[in-house]
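Read the structure below first, then the notes.
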Amino acid sequence: MTARAGAAPPSRSPVIIRESLQGKYAGFASRFTAFAVDVAVSVGVFMLALAAASFAARVLTGKDIAWNRGNTWVVVAYAAWVFVYFAYSWAASGRTAGMALFGVRVVRDDGTDASGRRAVVRTLALPLSFLFLGLGFTGILLGDRRRALHDVIAGTAVVYSWDARAARLRFLSRER
Amino acid sequence: MRSGDTWRVDSSERRLLAESRLIPRSEQWAQAAADRVVELVVSALDVNALLDQVDLNDVLDRIDLDRLLERMDLNEIVKRIDVDALIEQTDLGAVIAASSSGVASDVLDVVRSQTVGLDEFIARWVGRLRRRPYTGPPGPPEAGP
């Protein structure tokens, strides 16, 4: 056991950050990449569902179903699926698949767990942040609490949920 | 005190002068003697025999650990521990490595760290543009692990 005296010893692992940011407001890059993953996951799952429906229809009726983006039912089904994907994920655990991957989580603005009602409101308000060239997202960059428009409307915030310090300890322990 | 061409030294001044020379020397002798005495006593002392006569369990029973811990700032002590060095120099690291998952977890840690690093980079630049020093990410009132 060595007492820390003066400056910290030089780090051999610049990749893993030293300080745990757990519970702090998440930044733009983490949120954006998590959202990109969520869009990819939701689109991928929806495409798989359409393919499965086409296959089932061909087996049962012998006819092919042609899906296209102009089809109103496809748009409505996709909107419903995206709503369920985000609202259920935020209500159940505060995180979607992308957010879990990047270690961020939705909480109430006081830091406690987000409720189902806030999750639904946040999901409904999410499209508003895209209006005017994504003006609603500038709060993440410029705001002191890093909240987008849909966060403000729903009374939520996004925080880091992974323990960077534990990750660093794991990293150091494997370096030995 | 000057008288004609000669200096006459007062007897009391002479005594003080002599004492000022003698006292440091006598203190040195006393210190050396005390050191020697302590050394002899310690060498003559059989510590094992002394410990045999002491009931350490009884001594420990008399210690109020709760009160002792109340007077200690454990958080301050923990802060002084260099955990990185602890992990590197002990088997604790192996325990942590064994208790955590494998390569996928490492990759995830690195990806998250890189993204957080990018978050901090962006936040610092935004802080510069806004001419407000960036002091790290804030958190909600209930923030914490």
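First to last, the sequence lines map onto chains F and Z.
Using the working numbering, the letters of the first sequence map in sequence onto residues 1 to 176.
Using the working numbering, the letters of the second sequence map in sequence onto residues 1001 to 1145.
Note that CB positions come from ideal geometry on N, CA and C, so glycine has one too.
Keep in mind that this is a model prediction, so the values were computed, not measured.
Close Cβ partners of V76(F) (< 7 Å) along its chain, the five nearest in sequence each way excluded: Residue 76(F) sits at position 76 when you count from the first residue of the first sequence. For V76(F), where only same-chain residues beyond five positions count, there are no Cβ hits under 7 Å.
Could you tell me whether the Cβ of T1135(Z) comes closer than 8 Å to any Cβ of chain C? Judged by its chain identifiers, the structure shown contains no chain C, and its protein chains are F and Z.
If you compare alpha carbons, which of F35(F), S20(F), G27(F) and G23(F) is closest to I1122(Z)? By one-based count along the second sequence, residue 1122(Z) stands at place 122. The residue with the shortest Cα to Cα distance from I1122(Z) is G27(F).
Option nearest Y85(F) by Cα separation, candidates F35(F), D109(F), R168(F) and A29(F): Within the first sequence, numbered from 1, the residue matching residue 85(F) stands at position 85. Among F35(F), D109(F), R168(F) and A29(F), the Cα nearest to that of Y85(F) belongs to F35(F).
For R108(F) and A56(F), what's the separation of their Cα atoms in angstroms? The residue you call residue 108(F) lines up with position 108 of the first sequence. The residue you call residue 56(F) lines up with position 56 of the first sequence. Cα-Cα distance, rounded: 42 Å.
Cα-Cα separation between V1110(Z) and L169(F), rounded to whole angstroms: By one-based count along the second sequence, residue 1110(Z) stands at place 110. By one-based count along the first sequence, residue 169(F) stands at place 169. Their backbone Cα atoms lie some 13 Å apart in a straight line.
Interface positions of the segment 1116–1133 of chain Z facing chain F (Cβ-Cβ less than 9 Å), listed along the chain: If the cut-off is 9 Å between Cβ atoms, the segment 1116–1133 of chain Z has V1116, G1117, L1118, D1119, E1120, F1121, I1122, A1123, V1126 and R1130 near chain F.
In angstroms with no decimal places, state the Cα-to-Cα distance between R1128(Z) and L142(F). Working through the second sequence from its first residue, we reach residue 1128(Z) at position 128. Working through the first sequence from its first residue, we reach residue 142(F) at position 142. Rounded to the nearest angstrom, the two C-alpha atoms are 12 Å apart.
In whole angstroms, what separates the C-alpha of L124(F) from that of H150(F)? Working through the first sequence from its first residue, we reach residue 124(F) at position 124. Working through the first sequence from its first residue, we reach residue 150(F) at position 150. C-alpha of L124(F) to C-alpha of H150(F): approximately 8 Å in a straight line.
Indicate whether at least one CB of chain F lies closer than 8 Å to the CB of L1073(Z). Walking along the second sequence from the start, residue 1073(Z) turns up at place 73. The sequence shown places Asp at residue 1073(Z), not Leu. Cβ-Cβ to chain F under 8 Å: no for D1073(Z).
Among the residues of its own chain, which have a CB less than 8 Å from the CB of L50(F), if the five just before and after it don't count? What you label residue 50(F) is simply residue 50 of the first sequence in a count that begins at 1. In chain order, W67 and V74 place their CB closer than 8 Å to the CB of L50(F), counting only its own chain and leaving out the 5 sequence neighbours on each side.
Would you say V1078(Z) lies against chain F (beta-carbon separation less than 8 Å)? Translated into the one-based positions of the second sequence, residue 1078(Z) becomes position 78. So, not an interface residue.
State yes or no: is the beta carbon of V1083(Z) nearer than 8 Å to at least one beta carbon in chain F? Walking along the second sequence from the start, residue 1083(Z) turns up at place 83. For V1083(Z), at least one C-beta of chain F is nearer than 8 Å to its own C-beta.
Where L1065(Z) and M1072(Z) are concerned, what is the direct C-alpha to C-alpha distance, given to the nearest angstrom? As a first step, residue 1065(Z) must be located in the second sequence, where it is residue number 65. As a first step, residue 1072(Z) must be located in the second sequence, where it is residue number 72. Annotation: L1065(Z) to M1072(Z) spans about 10 Å, alpha carbon to alpha carbon.
Taking C-beta pairs closer than 9 Å, name the residues in chain Z that D151(F) reaches, listed in chain order. Residue mapping note: residue 151(F) aligns to position 151 of the first sequence, counting from 1. Here the premise fails: no neighbours, minimum Cβ distance about 11 Å.
Can you give me the C-alpha to C-alpha distance between Q22(F) and D38(F), rounded to a whole angstrom? Mapped onto the first sequence, residue 22(F) falls at position 22. Mapped onto the first sequence, residue 38(F) falls at position 38. Cα to Cα, the separation comes out at about 21 Å.
Residue-chain proximity (S30(F), chain Z), Cβ-Cβ < 8 Å: Here residue 30(F) is taken as the residue at index 30 of the first sequence, counted from 1. At least one CB atom of chain Z sits nearer than 8 Å to the CB of S30(F).
Tell me Y25(F)'s beta-bridge partners as DSSP assigns them. Walking along the first sequence from the start, residue 25(F) turns up at place 25. Residue pairing for Y25(F): DSSP places it in a beta bridge opposite V159(F).
Closest to V1116(Z) by C-alpha separation, out of G70(F), G62(F), S161(F) and F130(F), would be which residue? The residue given as residue 1116(Z) occupies position 116 in the second sequence. Closest option to V1116(Z), Cα to Cα, is S161(F).
Hey, does R1112(Z) have any beta-carbon neighbour from chain F nearer than 8 Å? Here residue 1112(Z) refers to the residue found at position 112 when the second sequence is read from its first residue. Yes - at least one Cβ of chain F is within 8 Å of the one on R1112(Z).
Do W91(F) and A119(F) have their C-beta atoms within less than 8 Å of each other? The residue labelled residue 91(F) in the question sits at position 91 within the first sequence. The residue labelled residue 119(F) in the question sits at position 119 within the first sequence. Note on identity: in this sequence residue 91(F) is Ala, with Trp being the wrong assignment. Yes; because the gap between Cβ atoms is below 8 Å, this pair is in contact.
Beta-bridge pairing of D113(F) - partner residues as DSSP gives them: One-based indexing of the first sequence puts residue 113(F) at position 113. Among the bridge pairs identified by DSSP, D113(F) is matched with V107(F).
Looking only at its chain, what residues have a beta carbon closer than 8 Å to the beta carbon of D144(F), apart from the 5 residues adjacent to it on each side? Position 144 of the first sequence holds residue 144(F). Answer for D144(F): no residue qualifies.
Between which two residues does the alpha helix (DSSP H) containing K1079(Z) stretch? Within the second sequence, numbered from 1, the residue matching residue 1079(Z) stands at position 79. Start and end: L1074 to R1080.
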